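What follows is one structure encoded as structure tokens, with my remarks underneath.
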Amino acid sequence: MPTSTVHRSLTRSVRLATLGLALSPLMVMAEEEAIELEAQSVVATQQVERANGPVAGYVASRSATGTKTDTPLLETPQSVSVITADRIRDLGSLTVQDALRYTAGMRGETYGLDSRGDWSMIRGSAPSIFLDGLQQTFGSYTNIRTDPFTLERIEVLKGPSSMLYGQTPVGGLVNLVSKRPQAEQRTELQAQYGSFDRKQLAVDSTGPLNEEGTLLYRVIAVQRDSQTQVDHVKDNRLVLMPSLTWKPSEDIEWTLLVNVQKDDTGTTSQFLPHRGTVLGAPYGEIDSNTFVSEPGFDEYDSEQVALTSQFSWRLDDTWTLRQNLRWQKSKVSYQTMYGWPPVLQADNRTVNRVFSISKPEVKVWVADHQGEARFDSGPLQHTLLLGSDYQHAVTNRERASGAATPLDLYDPVYGTFDPSGTPLSEDPEQRAVQKGLYVQDQIRYENWLLTLGMRKDWAESKTQGREGQKDDDVTGRVGLTYLFDNGLAPYISYSESFQPIIGLNSRTLDPYKPIEGKQWELGVKYQPLGSNSLFTAALYDLREQNRRMPDPNDPLNTVQNGETRARGLELEALVEINPNWNLIATYSKTDTEVLKGAPAEEGKRLASVPENMASLWSQHRFSIAGITGFSAGAGVRYVGASWDGLDRLKTPSTTLFDAMLGYQYQNWNFTLNASNLEDETYYTTCLSRGDCFIGSRRTVVGTVGYSF
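Here the sequence shown stands for residues -30 to -1, 1 to 678, where the numbers follow mature numbering (1 follows the signal peptide of the UniProt record, and there is no 0).
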């Protein structure tokens, strides 16, 4: 909707004032360990940090996502971005896809504001979502959205990763790392209020349960009551996440995590037509709060119970054994109506609607067993990883769909159709099993590091009443890194992906074929000695076969085409200018093309993939008149234009501004976050089938926290 001149002047003044505050000097973020090691090398400082542990500030130095071993990021021959808890908090991220906004090569909010999932793209492909190194998402519209308050860090592995993780897409994966019990007693209480009547309470408490400190606990709880920018769509949530760590010695550690979550929301994606959004229409632009479904019928309610076990045993100076297990059960009630086809009728106001009811239930068993050996053979230093993993997912679904009554998008009148009593049909039960064996060796010779890995996968999917489908493949990765003494680490790598797809083409009921991919990557990482900054650059060329694309005949279905290519450049800088001033700067250029596919698609660019993206975020801590504890941050995000999949319609580029103000006094912390500061109405994706997706409007959230 258009914004008045007065309103724009006010928001620009606020933006300029915030940017001015962000250029002030600031306060130190230092841990006791960092002070003790101040005069030592970066390598020594890195030993304090654990690959799955907390990080002070924005820059992590270690990660296990890229190798499944506790490895410095400089030694990982593939692009890995780590979003720390401090960064999630400063950005005011309300969802996982919010937290991914300032990440090179990563496009969050692919389908705009979407209550159904944390959609994103890495290098032109939708990533898999992992939680603590184990796959979390199975199928479409069958999972909950992890709350960022429960996370220690978010790690993005870019490019194929099947050698380590099995069924993952060519673009990469997002690994969510849960908060785990800590030895220091600490409790945080948090209250939020913000746009769209968002009210949230949260608690995070951790510490020892006995004097010896061998038994640690953590309890995280979140309760939210909220509306959204779309009329009649709420966003309520309840999370309970207790965890327990048993650590009888320095060599043995066993953590159990329980996650119980219930989301009560609806469908914020409205599948609005091109005319009235990015194209002109006789009655003007469709309001961003327009609701195409039916109040009282529309819902996207999800429930999940998950139990995760993480066990580690250091047998001696050479061998360490690890076992990660998860049992997970989730169910979703997804009821909605949408315009189909998404085209305004002859009156230029009305769309024909269809309804859809889907009630899936998924049970998942996941296991990953690892043996790690660190040893020398002559002048070579080895970190050898042997592993096997197993996944078993069972999906049952009831559903119904059909025609509904039309709706005037400019003056909607509801209550003309109620499909609530429609009989549901039961889909055939689907079972998907994957077994994998893998081996990896990180071999170091002086300043050279060679990473070699290979994996064998066996995948089987079976639909009740149909012949099962079996697939197997061998994937690998090889990477070569040279570690200069000044913190510079150039590398080159080749990696492959293999992704069996759980689910059926809902129109043909045929199982999907596995998606296969391969990538070459050339890059450099730089962490100046004695600094807490990290600079990365990467060039890549990747190919993907049997890619899933939006179905031109059904917005809730996907189809597969032949072969696609993506190649590009990614630049990312995480800079600690001084101990009180953090800076994030990113740039991505992505060139995509359909090499083989339907005649209308060949030679065209992939849908929803901007050619250019850039972002800049600056955050400071400072004092005023001798009073410390103030902080301010400001950011700008540019998302370039993208195409509809047939190169007929361009989704315009957009530039968005974000800001934060904070004040810490003793144990109290007060924060105000604003995203899309100028309240820009923009569209993230428009598809060739006729629909567009609206981005998030201005969101302002105030947070009060108390820690003790």
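The beta-carbon is built from N, C-alpha and C at its ideal position, and this holds for glycine as well.
Note that this is a predicted model, so its numbers are computed, not measured.
What do you reckon, is the C-beta of residue i under 7 Å from a heavy atom of the ligand COA?
{"i": "A363", "result": "Among the components of this structure there are no ligands whatsoever, and the ligand COA is therefore not found."}
With respect to the alpha helix (DSSP H) encompassing residue i, which residues constitute its N-terminal and C-terminal limits?
{"i": "E96", "result": "Sequence check: residue 96 is Ala here, not Glu. No alpha helix (DSSP H) contains A96, which DSSP labels as neither H nor E."}
{"i": "I114", "result": "No alpha helix (DSSP H) holds I114; DSSP gives it neither H nor E."}
{"i": "D68", "result": "V66 to A69"}
{"i": "L61", "result": "A55 to L61"}
{"i": "Y496", "result": "Per DSSP, Y496 belongs to no alpha helix (DSSP H); it is in the beta strand (DSSP E), I485 to Y496."}
{"i": "Y135", "result": "S132 to Y135"}
For residue i, count the other beta carbons within 10 Å of its own beta carbon; 16 or more makes it buried, fewer makes it exposed. Which is it?
{"i": "S658", "result": "buried"}
{"i": "L249", "result": "exposed"}
{"i": "L(-8)", "result": "A caution first: L(-8) carries a pLDDT of 37, below 50, which makes its placement in the model unreliable, though a value can still be read off. Flag for L(-8) reads exposed."}
{"i": "E3", "result": "In this prediction, E3 scores a pLDDT of 34, lower than 50, which makes its location untrustworthy; the coordinate-derived value is nonetheless stated afterwards. Classification for E3: exposed."}
{"i": "A14", "result": "Unreliable placement is indicated for A14, whose pLDDT of 35 sits below 50; the coordinate value is still reported in the next sentence. Label assigned to A14: exposed."}
{"i": "R20", "result": "exposed"}
{"i": "R110", "result": "Residue identity differs from the one stated: residue 110 is Ser in this sequence, not Arg. Flag for S110 reads buried."}
{"i": "W358", "result": "Per the sequence presented here, residue 358 reads as Ser, with Trp not at that position. Counting Cβ neighbours within 10 Å, S358 comes out exposed, since fewer than 16 surround it."}
{"i": "E8", "result": "Below a pLDDT of 50, predicted positions are generally treated as unreliable, and E8, at 37, falls in that range; the measurement from the model is reported next regardless. Exposed, because fewer than 16 other Cβ atoms sit within 10 Å of the Cβ of E8."}
{"i": "T478", "result": "exposed"}
{"i": "D167", "result": "exposed"}
{"i": "V674", "result": "exposed"}
{"i": "G449", "result": "buried"}
{"i": "W638", "result": "exposed"}
{"i": "F108", "result": "buried"}
{"i": "E514", "result": "buried"}
{"i": "V444", "result": "exposed"}
{"i": "Y653", "result": "buried"}
Since residue i and residue j should fall inside the 8 Å C-beta cutoff, what is the C-beta to C-beta distance between them, to a whole number of angstroms?
{"i": "T669", "j": "S165", "result": "5 Å"}
{"i": "L121", "j": "S90", "result": "Incorrect: roughly 15 Å between the Cβ atoms, too far for contact."}
{"i": "L354", "j": "E342", "result": "7 Å"}
{"i": "P212", "j": "V228", "result": "5 Å"}
{"i": "V209", "j": "T237", "result": "Not quite, the Cβ-Cβ distance comes to about 21 Å (not below 8 Å), so this is no contact."}
{"i": "F468", "j": "E486", "result": "6 Å"}
{"i": "T528", "j": "L576", "result": "The Cβ separation is near 13 Å, so there is no contact."}
{"i": "Q298", "j": "V334", "result": "4 Å"}
{"i": "I256", "j": "L379", "result": "5 Å"}
{"i": "K232", "j": "E273", "result": "5 Å"}
{"i": "Q315", "j": "K38", "result": "Q315 to K38, Cβ: 54 Å. No contact."}
Verify the CB distance criterion: does residue i have a CB-CB separation below 8 Å to chain B?
{"i": "S213", "result": "Absent from the structure: chain B. Only one protein chain is present."}
May I ask which residues mark the beginning and end of the beta strand (DSSP E) holding residue i?
{"i": "Y653", "result": "Y653 to C656"}
{"i": "H339", "result": "R323 to S347"}
{"i": "S213", "result": "D205 to W216"}
{"i": "G172", "result": "Reading off the sequence, residue 172 comes out as Ala, not Gly. Here the beta strand (DSSP E) through A172 covers R168 to P178."}
{"i": "L419", "result": "W418 to T433"}
{"i": "I124", "result": "L121 to K128"}
{"i": "A191", "result": "L185 to D195"}
{"i": "I413", "result": "Q400 to Y415"}
{"i": "L295", "result": "W289 to G309"}
{"i": "F678", "result": "From DSSP, F678 is part of no beta strand (DSSP E); its letter is neither H nor E."}
{"i": "A74", "result": "From DSSP, A74 is part of no beta strand (DSSP E); its letter is neither H nor E."}
{"i": "N229", "result": "I222 to T235"}
{"i": "D201", "result": "First-last for D201: undefined, no H or E at that position."}
{"i": "L277", "result": "E269 to R284"}
{"i": "R156", "result": "R156 to G164"}
{"i": "V248", "result": "First-last for V248: undefined, no H or E at that position."}
Problem - Unbroken stretches of the beta strand (DSSP E), 3 residues or longer, contained in the segment 436 to 475 - result: Runs of beta strand (DSSP E) with 3 or more residues, each lying fully within the segment 436 to 475, are found at 439 to 452 and 458 to 469, listed in chain order.
Exercise for the section: Flag this pair as touching only if the segment 646 to 663 and the segment 620 to 627 have three or more C-beta atom pairs under 8 Å; answer yes or no. Expected result: yes
Exercise for the section: Flag this pair as touching only if the segment 402 to 409 and the segment 270 to 290 have three or more C-beta atom pairs under 8 Å; answer yes or no. Expected result: As far as the Cβ criterion goes, the segment 402 to 409 does not touch the segment 270 to 290, which means the pair count is below three.
Handout entry: Entirely enclosed beta strand (DSSP E) segments - the segment 566 to 648, minimum 3 residues
Key = Unbroken beta strand (DSSP E) stretches of 3 residues or longer found wholly inside the segment 566 to 648: 582 to 594, 597 to 609, 624 to 635 and 638 to 645, given in chain order.
Problem - Three or more C-beta pairs below 8 Å linking the segment 144 to 163 and the segment 428 to 437 - result: no
Handout entry: Those runs of the beta strand (DSSP E) which lie wholly inside the segment 354 to 398 and span at least 3 residues
Key = none
Problem - the segment 123 to 132 touching the segment 68 to 88, judged by at least three CB pairs closer than 8 Å - result: yes
Exercise for the section: Pair every Cβ in the segment 312 to 330 with every Cβ in the segment 387 to 397, then say whether three or more of these pairs are closer than 8 Å. Expected result: yes
Practice task
Would you mind listing the beta strand (DSSP E) stretches within the segment 504 to 567 that are 3+ residues and don't spill past its ends, in chain order?
Solution key: Whole beta strand (DSSP E) segments, 3+ residues: 504 to 515, 518 to 521, 524 to 530, 533 to 548 and 551 to 566.
Practice task
Report yes or no: do three or more beta-carbon pairs, one from the segment 557 to 571 and one from the segment 46 to 61, lie closer than 8 Å?
Solution key: no
Practice task
Please determine if the segment 629 to 649 and the segment 549 to 562 are in contact, where contact requires at least 3 C-beta pairs separated by less than 8 Å.
Solution key: Too few Cβ pairs lie closer than 8 Å, so no.
Handout entry: contact_flag[the segment 132 to 145, the segment 173 to 181] where n(CB pairs < 8 Å) is 3 or more
Key = Taking 8 Å as the limit for Cβ pairs, the verdict is that the segment 173 to 181 does not touch the segment 132 to 145.
Practice task
Report yes or no: do the segment 294 to 309 and the segment 257 to 272 share at least 3 C-beta pairs separated by less than 8 Å?
Solution key: yes
Practice task
Decide yes or no for the touch test of the segment 604 to 611 against the segment 579 to 587: beta carbon pairs closer than 8 Å, at least 3 of them.
Solution key: yes
Problem - At least 3 beta-carbon pairs within less than 8 Å: the segment 239 to 249 vs the segment 77 to 87 - result: Contact holds: three or more Cβ-Cβ distances are below 8 Å.
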